[in-house]
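Participant: Got a structure here, written out as structure tokens. Questions coming.
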């Protein structure tokens with residue numbers, strides 16, 4: 001029997017947003033346009049215009065071993081050229097950031113090929129071949145899953161996702177990679193993702209309003225949409241919990257569940 | 001064995017009331033300075049302790065290790081004519097009041113609330129109780 005992929009249960013706003021972000025058929029809204037060179041500067045792996053460093057010869061040179069799996073899988077652009085694997089890491093504030101790390105993992109795995117991603121409590125790293133990473137990073141910074149104030153691009157020392165916001169509504173960052181431009185009312189990056197100062201200030205635009213963020217977020221919160229108010233999501237969580245517990249301790253009882 | 005050194009902390013020796021102020025947003029150095037100066041003129045304040053999120057002086061890990069952090073909020077502020085080196089983005093105050101009379105306590109609380117209402121833009125919560133110790137314990141005599 002063929003199932004149609006449902007992505008996530010529930011009808012509440014965060015549940016619907018989770019579905020939207022995960023569904024690769026949904027084209028995410030583009031809210032800003034940070035130039036590709038500026039994205040490269042913020043990541044800090046290479047200088048704009050510099051050649052990509054490679055770790056193996058291009059696949060087209062034909063030095064690959066005879067392997068049926070290699071023949072089966074179409075390599076991504078970076079793999080074809082033998083690029084290094086580089087990363088970008090996002091920190092998402094608990095204060096109604098548009099997305100949170102675990103849903104980032106679901107979204108990445110659902111939308112992109114050739115990636116390796118890791119979830120931690122407040123941050124999500126994605127590792128990909130360099131030229132593909134740059135393309136993906138621009139998409140992620142430009143689209144609706146990013147908010148200048150509540151999403152941070154942080155390669156190291158990500159502390160801040162669960163801290164109170166500062167007076168300008170920005171997520172705390174001990175390394176102050178981005179600052180508030182009071183005149184333009186915009187967030188400006190002054191350091192790259194590992195806090196090495198940038199040669200120029202890079203604006204990532206105006207933060208969204210809290211009312212807008214509450215419509216865009218995937219985060220269930222007691223002061224927003226409580227997860228317990230979404231019946232289907234609660235049942236789904238409880239069912240997984242029950243099956244896992246039974247599976248671990250009394251697996252014979254799983255039959256018929 | 002030599003006699004233990006006197007503890008560095010200055011304890012009152014009795015549980016004086018302590019006002020806990022937790023702000024809804026982390027305060028900038030400028031706001032912290034203004035608020036402290038507004039609190040400084042209130043009588044009967046024995047001491048003010050502050051907490052918040054630490055702002056490192058240097059980048060202490062990753063490829064940028066060794067760079068100066070240059071955080072705009074980590075700086076020297078001037079409180080009551082004295083220089084105070086601020087190393088935190090402050091989000092909490094503990095104000096110990098040297099009062100023993102309920103009426104004076106109420107009067108001081110009103111003054112503290114007025115100062116907070118004037119300078120803390122995004123709100124705060126305020127409670128009176130005892131949140132730190134008031135006499136030396138074994139911990140004060142431990143060796144480094």
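Residue numbers (our numbering), protein chains in the order written: chain A, 1 to 257; chain B, 1 to 144. Positions of the beta carbon are idealized from the N, C-alpha and C atoms, including for glycine. This one's a predicted model, so the numbers in the text were calculated from it and none came from an experiment.
For the alpha helix (DSSP H) containing residue 54 (chain B), name the first residue and the last one.
Facilitator: Segment 45 to 54 is the beta strand (DSSP E) holding residue 54 (chain B); no alpha helix (DSSP H) there.
Participant: Can you tell which of A:201, A:94 and A:76 has its C-alpha closest to the C-alpha of residue 147 (chain A)?
Facilitator: Nearest of A:201, A:94 and A:76 to residue 147 (chain A), Cα basis: A:94.
Participant: Spatial neighbours of residue 82 (chain A) within its chain, please: CB distance less than 8 Å, with the 5 preceding and 5 following residues excluded, ordered by chain position.
Facilitator: Hits under 8 Å: 54, 55, 56, 57, 58 and 59.
Participant: For the segment 117 to 124 of chain A against the segment 177 to 185 of chain A, are there 3 or more C-beta pairs whose distance is under 8 Å?
Facilitator: no
Participant: Would residue 62 (chain B) count as contacting chain A if we go by Cβ distances under 8 Å?
Facilitator: yes
Participant: If you draw a straight line from the C-alpha of residue 113 (chain A) to the C-alpha of residue 132 (chain A), how long is it?
Facilitator: 10 Å
Participant: Check each candidate in B:112, B:137 and B:65 and name the one with the smallest Cα separation from residue 95 (chain B).
Facilitator: B:112
Participant: Just by C-beta distance, which residues in the segment 104 to 132 of chain B are closer than 8 Å to chain A?
Facilitator: Those would be 121 and 122, in chain order.
Participant: Nearest to residue 39 (chain A) by alpha carbon, out of A:239, A:224 and A:200?
Facilitator: A:200
Participant: Does any residue of chain B have a CB that is nearer than 8 Å to the CB of residue 234 (chain A)?
Facilitator: The beta carbon of residue 234 (chain A) does not come within 8 Å of any beta carbon belonging to chain B, so the residue lies off that interface.
Participant: Could you work out which residues of chain A lie near residue 87 (chain B), taking near to mean beta carbons separated by less than 7 Å?
Facilitator: Correct list: empty, because the minimum Cβ distance to chain A is about 11 Å.
Participant: Confirm, please, whether the CB-CB distance from residue 131 (chain B) to residue 47 (chain B) is below 8 Å.
Facilitator: no
Participant: For residue 252 (chain A), return the contacting residues in chain B, with the cut-off set at a CB-CB distance below 9 Å.
Facilitator: By Cβ distance, chain B contributes nothing, its closest Cβ being about 49 Å from residue 252 (chain A), past 9 Å.
Participant: Apart from the five residues just before and just after residue 80 (chain A), which ones in its own chain have a Cβ nearer than 8 Å to its Cβ?
Facilitator: 58, 59 and 60
Participant: Please identify the residue among A:68, A:30 and A:18 whose C-alpha is closest to the C-alpha of residue 139 (chain A).
Facilitator: A:30
Participant: Taking 8 Å as the threshold (beta carbon to beta carbon), is residue 196 (chain A) in contact with chain B?
Facilitator: For residue 196 (chain A), the answer is yes, since a Cβ of chain B falls inside 8 Å of its Cβ.
Participant: Any beta-carbon of chain A closer than 8 Å to the one on residue 37 (chain B)?
Facilitator: Using a CB distance cut-off of 8 Å, residue 37 (chain B) does not count as an interface residue toward chain A.
Participant: Just tell me which of A:212, A:7 and A:2 has its CA closest to the CA of residue 233 (chain A).
Facilitator: A:7
Participant: What ranges does the alpha helix (DSSP H) occupy inside the segment 117 to 178 of chain A, keeping only unbroken runs of at least 4 residues that lie completely in it?
Facilitator: 130 to 142
Participant: Could you round the C-beta distance between residue 154 (chain A) and residue 177 (chain A) to whole angstroms and report it? I think they count as a contact, below 8 Å.
Facilitator: At roughly 7 Å, the Cβ-Cβ gap stays under 8 Å, so residue 154 (chain A) and residue 177 (chain A) are in contact.
Participant: Measuring only the C-alpha atoms, how far is residue 67 (chain B) from residue 137 (chain B)?
Facilitator: 40 Å
Participant: Output yes or no for whether 8 Å exceeds the beta carbon distance between residue 167 (chain A) and residue 32 (chain B).
Facilitator: Contact flag unset, no.
Participant: Is residue 78 (chain B) helix, strand or coil when you go by DSSP?
Facilitator: strand
Participant: Determine whether the Cβ of residue 156 (chain A) lies closer than 8 Å to any Cβ atom of chain B.
Facilitator: Yes, its Cβ sits closer than 8 Å to a Cβ of chain B.
Participant: If we ignore side chains and look at the alpha-carbon of each, how far apart do residue 136 (chain A) and residue 115 (chain A) end up?
Facilitator: The straight-line gap from Cα to Cα measures roughly 10 Å.
Participant: Show which residues of chain A have a CB atom less than 7 Å away from the CB atom of residue 25 (chain B).
Facilitator: 164, 165, 166 and 167
Participant: Any beta-carbon of chain D closer than 8 Å to the one on residue 33 (chain B)?
Facilitator: Given the protein chain composition of this structure (A and B), no chain D is represented.
Participant: Quick one: is residue 244 (chain A) buried, meaning 16 or more other Cβ sit within 10 Å of its Cβ, or exposed?
Facilitator: exposed
Participant: Starting from the beta carbon of residue 175 (chain A), find every residue of chain B whose beta carbon is closer than 7 Å, and list them in chain order.
Facilitator: 59 and 69
Participant: Assuming the contact rule is C-beta atoms closer than 8 Å, residue 99 (chain A) and residue 43 (chain A) should be a hit. Round their C-beta distance to whole Å, please.
Facilitator: The Cβ separation is near 19 Å, so there is no contact.
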